[in-house]
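Residue numbers (the numbering used here), protein chains in the order written: chain L, 35 to 429; chain U, 62 to 474.
Below, the structure written as structure tokens:
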């Protein structure tokens with residue numbers, strides 16, 4: 035009889051849960067901390083007031099998010115909404131855990147988003163839409179207006195500025211330094227996702243970095259913190275960073291901080307990586323839960339919330355209809371301008387990890403002088419074989 | 062905690078989850094149907110079938126059938142779960158939760174197998190103890206933990222706050238871990254006691270009383286230590302403990318007076334060691350051997366095999382005659398009357414001879430025969446022998462032997 039009782043428990047639970055009732059709760063997972071989390075929670079409260087829908091928000095560390103969501107969703111559990119970087123979309127979509135929300139949105143609702151950001155969340159083959167963007171992010175050029183009156187426009191000007199005694203803080207992680215490839219006329223991936231780093235422009239970019247090492251006022255570091263500290267302390271006149279650094283920098287430098295486009299090079303405009311934070315939706319959610327979750331997504335991308343994210347957290351709006359005031363939000367304007375030439379990473383999380391890991395090693399070895407730019411370029415070009423692509427011929 | 066249940070309710074309202082729970086509705090029904098099907102041939106028919114088998118293999122076949130009968134329902138249910146899983150995979154449904162149930166079903170099968178083997182080869186009474194006290198709780202613990210971890214990470218679950226009491230926050234972990242820990246601690250203590258008892262039984266310890274007292278004291282000491290550790294790990298601070306004990310002391314004083322009195326008496330008896338298991342005592346005219354001295358009462362086995370449970374308080378406050386207080390050797394007095402016409406010396410020699418030949422009569426102190434009294438026609442003799450432990454059979458044996466010997470020697474008796 036004991037067994038009967040034990041086995042009947044889940045059944046009773048099931049029967050209880052099958053009872054029709056108006057469900058007004060959705061579950062959200064996010065990885066925002068500190069001030070970001072505070073703003074998010076206040077938005078959740080506002081949403082609950084307006085829509086009478088309770089959002090249970092749960093913090094999950096970004097490193098655990100993919101595995102945790104996959105595991106929970108495989109059971110039919112998991113949050114209705116996942117606030118995560120766009121690079122999580124591909125592995126989750128491949129695993130079949132994300133809901134296609136395109137049928138739930140009208141063309142008018144989709145038209146508010148910046149097209150290039152929305153494209154990042156769309157499956158390229160089936161046209162399914164797996165997420166709603168909340169913020170966009172890219173690298174741009176920070177400068178201290180107390181030290182710089184007119185920021186550099188072309189990459190060679192960095193050397194001139196260094197000669198004049200102005201420090202320039204440049205990140206040499208693969209992700210942080212990707213912008214230079216475009217400036218020398220190349221691209222990191224083509225439209226099919228093929229790695230194009232075996233080409234001449236990447237070699238030229240590495241050679242430029244090597245030559246810039248001769249200028250003691252140009253600081254290189256793969257880690258962000260020493261560079262940002264130097265900029266915040268007023269030592270560095272320039273710093274190349276993303277919009278997530280803005281809150282921190284502004285708290286140190288106040289109005290002295292300005293942001294503009296990264297300098298162009300002999301091959302054209304700089305092309306930093308473009309990233310987005312988006313809301314993804316659980317395929318296992320019930321129709322009501324999914325509808326309510328999408329409503330929350332639309333609420334977060336509506337003008338008022340986007341402006342709040344922009345003003346209070348310095349996030350670049352994903353909503354294209356949000357006007358960025360050239361005077362009041364000049365710093366955000368710099369990122370918005372840069373995002374037009376920014377490119378998203380194309381491929382799975384594992385591919386990204388491999389490319390970024392190998393890229394970082396190559397940058398380190400080139401800057402230490404143990405690898406020539408030519409060999410480094412060739413080596414990264416060979417990565418294509420790991421992903422089933424052919425190595426493109428060198429032009 | 063409220064959020065936890067809200068999230069659970071939320072998840073269980075999803076179709077993907079409900080579909081996975083559906084087989085569980087069928088699972089217990091199927092189980093009982095299968096049990097009915099298996100039990101359909103009545104015992105007599107089964108016995109008849111077994112009786113047709115060769116004698117040598119009957120025992121093994123009976124055992125194997127018993128094991129298979131125990132495993133039949135869970136086995137078929139497990140196969141059904143796999144069938145449902147296959148259907149869900151083919152139809153593109155979510156089946157992760159079903160996989161978790163399958164793991165539990167496998168463990169259930171293993172558990173049933175172990176139980177069945179134990180029952181098949183060991184006495185029922187011995188297995189039942191471990192079955193109910195150890196294996197079943199372990200399985201329930203595993204199944205609950207395994208399924209619960211699909212809903213909430215174990216550490217997160219243990220950290221859930223249940224209630225606050227005197228500035229002490231009680232979490233699921235602070236309640237569950239000490240409870241389970243204490244249960245296992247007590248089980249281990251009892252097992253250890255049983256092992257020690259078995260070891261000493263093999264070594265034939267003569268002072269059984271000291272051994273039993275030591276084991277009982279050890280058991281209670283370990284249990285008290287376990288309770289102290291459990292309370293401490295439950296996060297009870299001094300204020301809370303003070304409040305609880307203060308409150309309890311009122312209740313104890315009024316309602317549990319008798320129990321506490323017996324408890325304290327039990328402790329005194331154990332520490333003082335005035336009465337020990339194995340002692341032969343006379344309580345109010347009833348003679349018996351102390352079988353078990355527990356914290357509330359004492360079990361005395363009397364001659365007819367009955368056990369009398371005497372509250373410890375009675376033993377402490379009434380007059381108790383113990384035959385084995387300092388020494389377990391007992392003097393047995395066999396009174397014999399002969400006529401004046403008989404040969405007194407011969408009678409005394411015969412009595413001594415009988416005593417010396419008896420295996421349970423001690424050589425030292427030596428048995429002796431004394432003349433108790435001489436009347437007009439009779440002489441009363443007293444054969445005094447010492448035995449290692451009180452044994453009512455010895456006296457009986459000696460009388461029988463005296464009867465036989467006096468008849469042979471033609472001594473009037």
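By construction, the Cβ of each residue, glycine as well, lies at the ideal position given by its N, Cα and C atoms. Owing to the predicted nature of the structure, the values given are computational and were not obtained by experimental measurement.
Quick one: list the residues of chain L neighbouring residue 211 of chain U, beta-carbon separation under 9 Å, in chain order.
The residue you call residue 211 of chain U lines up with position 150 of the second chain. For residue 211 of chain U, the residues of chain L that pass the 9 Å Cβ criterion are 105, 106, 109 and 111, in the order they occur in the chain.
Chain U beta carbons: is any one of them nearer than 7 Å to that of residue 90 of chain L?
Numbered from its first residue, the first chain carries residue 90 of chain L at position 56. With 7 Å as the cut-off, residue 90 of chain L counts as an interface residue toward chain U.
Any contact between the region 256 to 265 of chain U and the region 320 to 337 of chain U? By contact I mean 3 or more CB pairs, one from each, below 8 Å.
no
Work out the CA separation of residue 174 of chain U and residue 68 of chain L for me, nearest whole Å.
Working through the first chain from its first residue, we reach residue 68 of chain L at position 34. Working through the second chain from its first residue, we reach residue 174 of chain U at position 113. Going by the C-alpha atoms only, they are around 54 Å apart.
Considering only C-alpha positions, which residue in the set L:211, L:191, L:190 and L:182 is nearest to residue 173 of chain L?
As a working mapping, residue 173 of chain L is identified with position 139 in the first chain. Nearest of L:211, L:191, L:190 and L:182 to residue 173 of chain L, Cα basis: L:211.
Are any of the Cβ atoms in chain U nearer than 7 Å to that of residue 59 of chain L?
Residue mapping note: residue 59 of chain L aligns to position 25 of the first chain, counting from 1. It does: the Cβ of residue 59 of chain L has a partner Cβ on chain U nearer than 7 Å.
Any C-beta of chain U sitting closer than 7 Å to the C-beta of residue 318 of chain L?
Looking up residue 318 of chain L in the first chain gives position 284. So yes, residue 318 of chain L belongs to the interface.
For residue 242 of chain U, would you say it is in contact with chain L, using Cβ-to-Cβ distances shorter than 7 Å as the test?
Numbered from its first residue, the second chain carries residue 242 of chain U at position 181. So, not an interface residue.
Write down every uninterrupted run of the beta strand (DSSP E) in the region 352 to 409 of chain U whose length is 3 residues or greater and which is fully enclosed by it, in chain order.
358 to 363, 368 to 372, 381 to 383 and 391 to 400
For residue 198 of chain U, which residues from the same chain have a beta carbon less than 8 Å from its beta carbon, with the 5 sequence-adjacent residues on both sides left out?
In the second chain, residue 198 of chain U corresponds to position 137, counting from 1. Answer for residue 198 of chain U: 244, listed in chain order.
Work out the CA separation of residue 97 of chain L and residue 144 of chain L for me, nearest whole Å.
Walking along the first chain from the start, residue 144 of chain L turns up at place 110. Walking along the first chain from the start, residue 97 of chain L turns up at place 63. When rounded, the distance between both Cα atoms is 30 Å.
Who are the near neighbours of residue 368 of chain U in its chain, counting only those whose CB is closer than 6 Å to its CB and skipping five residues on each side?
Mapped onto the second chain, residue 368 of chain U falls at position 307. The answer, listed in chain order, is 360 and 362.
What residues from chain L crowd round residue 158 of chain U, counting only those whose CB sits closer than 9 Å?
For this step, residue 158 of chain U is matched to residue 97 along the second chain. Those within 9 Å of residue 158 of chain U in chain L are 108, 109, 110 and 111.
At 9 Å on the CB atoms, spell out the chain L contacts of residue 368 of chain U, in chain order.
Residue numbering aside, residue 368 of chain U sits at position 307 when the second chain is read from its first letter. Neighbours of residue 368 of chain U on chain L: none; closest Cβ ~31 Å, over 9 Å.
Which first and last residues belong to the beta strand (DSSP E) in which residue 178 of chain L is found?
Taking the first chain and counting its residues from 1, one reaches residue 178 of chain L at position 144. Taken as a continuous stretch (DSSP letters only), the beta strand (DSSP E) holding residue 178 of chain L covers 165 to 178.
Please classify residue 110 of chain L as buried or exposed, where buried requires at least 16 other C-beta atoms within 10 Å of its C-beta.
Residue mapping note: residue 110 of chain L aligns to position 76 of the first chain, counting from 1. With 16 or more other CB atoms across the displayed protein chains lying within 10 angstroms of its CB, residue 110 of chain L is buried.
Please check the pair residue 276 of chain U and residue 258 of chain U, which I expect to be a contact at CB under 8 Å, by giving their CB distance rounded to whole angstroms.
Working through the second chain from its first residue, we reach residue 276 of chain U at position 215. Working through the second chain from its first residue, we reach residue 258 of chain U at position 197. Going by Cβ atoms, the distance from residue 276 of chain U to residue 258 of chain U rounds to 6 Å, so yes, they are a contact pair.
Helix or strand or just coil, what does DSSP make of residue 302 of chain L?
Residue numbering aside, residue 302 of chain L sits at position 268 when the first chain is read from its first letter. Of the three classes helix, strand and coil, the one that applies to residue 302 of chain L here is strand, per DSSP.
Expressed to the nearest angstrom, what Euclidean distance is found between the alpha-carbon atoms of residue 178 of chain U and residue 462 of chain U?
Within the second chain, numbered from 1, the residue matching residue 178 of chain U stands at position 117. Within the second chain, numbered from 1, the residue matching residue 462 of chain U stands at position 401. Rounded to the nearest angstrom, the two C-alpha atoms are 52 Å apart.
Helix, strand or coil for residue 205 of chain U per DSSP?
Numbered from 1 along the second chain, position 144 holds the residue referred to as residue 205 of chain U. Residue 205 of chain U: helix per DSSP, three-state reduction.
Let me see if you follow: with CB-CB separation under 7 Å, is residue 72 of chain U close to chain L or not?
For the purposes of this step, residue 72 of chain U is identified with residue 11 of the second chain, where counting begins at 1. So, interface residue.
Whose C-alpha, out of U:188, U:65, U:149 and U:89, is nearest the C-alpha of residue 79 of chain U?
Taking the second chain and counting its residues from 1, the one referred to as residue 79 of chain U is at position 18. Among U:188, U:65, U:149 and U:89, the Cα nearest to that of residue 79 of chain U belongs to U:149.
Taking all protein chains shown into account, do 16 or more other C-beta atoms lie within 10 angstroms of the C-beta of residue 285 of chain U, making it buried, or fewer, making it exposed?
In the second chain, residue 285 of chain U corresponds to position 224, counting from 1. Exposed, by the Cβ-count rule.
Any idea which residues DSSP pairs residue 223 of chain L with across the strands?
Position 189 of the first chain holds residue 223 of chain L. Note: residue 223 of chain L sits in a beta bridge opposite L:229.
Between residue 68 of chain U and chain L, is any beta-carbon pair separated by less than 7 Å?
Locating residue 68 of chain U in the second chain gives position 7, where the first residue counts as 1. Answer yes: the Cβ-Cβ gap between residue 68 of chain U and chain L drops below 7 Å somewhere.
In three-state terms, what does DSSP make of residue 356 of chain L?
Numbered from its first residue, the first chain carries residue 356 of chain L at position 322. Looking at residue 356 of chain L - three-state DSSP - the assignment turns out to be coil, as it is neither helix nor strand.
Would the region 352 to 372 of chain L count as touching the region 130 to 140 of chain L if we require 3 or more Cβ pairs under 8 Å?
no
Quick check on residue 248 of chain L: does DSSP put it in helix, strand or coil?
Locating residue 248 of chain L in the first chain gives position 214, counting from the first residue. Coil.
Alpha carbon to alpha carbon, what distance is there between residue 255 of chain L and residue 296 of chain L?
Residue mapping note: residue 296 of chain L aligns to position 262 of the first chain, counting from 1. Residue mapping note: residue 255 of chain L aligns to position 221 of the first chain, counting from 1. If I take the Cα positions, the gap works out to 18 Å.
Taking a contact to mean a Cβ-Cβ separation below 7 Å, would you say residue 181 of chain U touches residue 127 of chain U in this structure?
As a working mapping, residue 181 of chain U is identified with position 120 in the second chain. As a working mapping, residue 127 of chain U is identified with position 66 in the second chain. A contact, by the Cβ cut-off of 7 Å.
Listing by chain order, which chain L residues have their CB less than 8 Å from the CB of residue 98 of chain U?
Working through the second chain from its first residue, we reach residue 98 of chain U at position 37. Under a criterion of Cβ atoms nearer than 8 Å, no residue of chain L is adjacent to residue 98 of chain U; the nearest Cβ is some 17 Å distant.
DSSP state of residue 253 of chain L, grouped into three classes?
For the purposes of this step, residue 253 of chain L is taken as the residue at position 219 of the first chain. In the three-state reduction of the DSSP assignment, residue 253 of chain L falls in the strand class, which pools E and B.
So which of U:429, U:377 and U:375 has the shortest CA-CA distance to residue 396 of chain U?
If you number the second chain from 1, residue 396 of chain U lands on position 335. Nearest C-alpha to residue 396 of chain U: U:429.
At the level of alpha carbons, what is the spacing between residue 162 of chain U and residue 73 of chain U?
As a working note, residue 162 of chain U is residue 101 in the second chain. As a working note, residue 73 of chain U is residue 12 in the second chain. Cα-Cα distance, rounded: 16 Å.
Whole angstroms are fine: how far does the CA of residue 337 of chain U sit from the CA of residue 455 of chain U?
Taking the second chain and counting its residues from 1, one reaches residue 455 of chain U at position 394. Taking the second chain and counting its residues from 1, one reaches residue 337 of chain U at position 276. Across the structure, residue 455 of chain U and residue 337 of chain U are spaced so that their CA atoms are roughly 23 Å apart.
With a threshold of 8 Å, are at least 3 pairs of Cβ atoms found where one atom belongs to the region 172 to 186 of chain L and the other to the region 147 to 155 of chain L?
no
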